[in-house]
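Structure first, commentary second.
Protein chains in written order, with our numbering: chain A, 30 to 188; chain B, 30 to 188.
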């Protein structure tokens, strides 16, 4: 029985949209590194590396490059739940093998449900405190995750 | 396919023993609050509260009381893997619903394998850095977890 986060508007950010690709394609776009690199980072930023060990406790790491060519140091995250075509949960509070990281920012839920010929897509970012939620919103959560989702949908249609 | 931590002697602490109670009883002692309270804290410390929501992402919290009667504030941890009679993984880096905590200390693996009429018991404490491992060793990991295991075995035989 899966645990859902008790969403707390002071701590959490939620993006919910219906998109016109099936859950199976959204899942592939989210879980295969060569696909993730195509859409994960809103342009003109780029994802230049992606490592995925798709199982609970397995590594999830992406490396981004700014438009100026500066590579951002990647943090080692890990997957917490992997339910194909339905549910992906990961965090940067833990690295591979669930080893705690020295600092953390969020746990993310990506939830997929079939809706018509498409997918009801829900992304939830769960933070430990209001400052981190605020920081994430100011970093552009809604626009950033929304733009990335647009990129995902456009790319997934080519799969 | 379960992920095992890559044990790093600089970061991790391991307690391995064979005990003469079956995995099923060790499991009950670890996962039912009324039992946990009987053995979890080396005497003369006591566990005065225990909350368990036994599923990945579910709450694990214990509250301890010192011999002088001082109650230690409990941190909200959560379970990461729950494989009955075999494997329990939890962390204090995340609370219920996998919400990151502001600080973390460790992830713990409790691994049980049948061995003869008893159990091969392996506890692994996984830390993010050498200071936390060192601190845990100085807090008495080997003696503390060893004494707690003695208490568990003695108590489990009464179940």
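The beta carbon of each residue, even a glycine, is placed where N, CA and C say it ideally should be. Every value quoted in this text rests on a predicted model; they were computed, and no experiment measured them.
Could you pull the DSSP bridge partners for residue i from this structure?
i	result
residue 181 of chain B	Paired residues: none, contrary to the question.
residue 153 of chain A	A:43, A:138
residue 120 of chain B	B:107, B:136
residue 144 of chain B	B:147
residue 191 of chain B	Because residue 191 of chain B is not part of the residues shown, which for chain B are 30 to 188, the question remains open.
Output, in chain order, the set of chain A residues within a Cβ distance shorter than 9 Å of residue i.
i	result
residue 152 of chain B	None at all; the shortest Cβ gap to chain A is about 14 Å.
Skipping 5 residues on each side, what residues in its chain have a beta carbon closer than 7 Å to that of residue i?
i	result
residue 16 of chain A	The first residue shown for chain A is 30 and the last is 188, placing residue 16 of chain A beyond what the model contains.
residue 85 of chain B	108, 109, 110, 111
For residue i, which residues in chain B fall below 8 Å Cβ to Cβ?
i	result
residue 110 of chain A	85, 86
residue 188 of chain A	Near residue 188 of chain A there are no residues of chain B at all, since even the closest Cβ is about 25 Å away, more than 8 Å.
Which chain A residues sit within Cβ distance under 7 Å of residue i?
i	result
residue 135 of chain B	129
For residue i, I'd like the list of residues in its chain whose CB is within less than 6 Å of its CB, leaving aside the five on either flank, ordered along the chain.
i	result
residue 70 of chain A	76, 93
residue 180 of chain A	68
residue 142 of chain A	149
residue 140 of chain B	116, 151
residue 40 of chain A	156, 162
residue 133 of chain B	121, 122
residue 136 of chain B	120, 155
Which residues in chain B sit within 7 Å of residue i, going by Cβ to Cβ distance?
i	result
residue 139 of chain A	Near residue 139 of chain A there are no residues of chain B at all, since even the closest Cβ is about 13 Å away, more than 7 Å.
residue 120 of chain A	123, 127, 129
Does residue i get closer than 8 Å to chain C when you measure Cβ to Cβ?
i	result
residue 117 of chain A	In the structure shown, chain C cannot be found, because the protein chains are A and B.
Given residue i, which residues of its chain have a CB within under 8 Å of its CB, disregarding the five upstream and five downstream residues?
i	result
residue 129 of chain B	122, 123
residue 209 of chain B	Look at the range of chain B in this structure, 30 to 188, and you will see that residue 209 of chain B is not part of it.
residue 198 of chain A	A question about residue 198 of chain A goes unanswered here, because the residues of chain A that appear run from 30 up to 188.
Pull out every residue of the stretch 31-60 of chain A whose Cβ sits closer than 8 Å to any Cβ of chain B, in chain order.
If the cut-off is 8 Å between Cβ atoms, the stretch 31-60 of chain A has 31, 32, 33, 34, 35, 40 near chain B.
What residues in the stretch 152-185 of chain B have a beta carbon less than 9 Å from any beta carbon of chain A?
155, 156, 157, 158, 161: these are the residues of the stretch 152-185 of chain B whose beta carbon lies less than 9 Å from some beta carbon of chain A, given in chain order.
Can you list the alpha helix (DSSP H) stretches of 4 or more residues lying completely in the stretch 32-107 of chain B, in chain order?
If we require 4 residues or more, the alpha helix (DSSP H) runs fully inside the stretch 32-107 of chain B come out as 52-60, 62-68.
In the stretch 89-108 of chain B, which residues sit with their C-beta less than 7 Å from some C-beta in chain A, listed in chain order?
For the stretch 89-108 of chain B, the beta-carbon criterion of a distance under 7 Å to any beta-carbon of chain A is satisfied by none of its residues.
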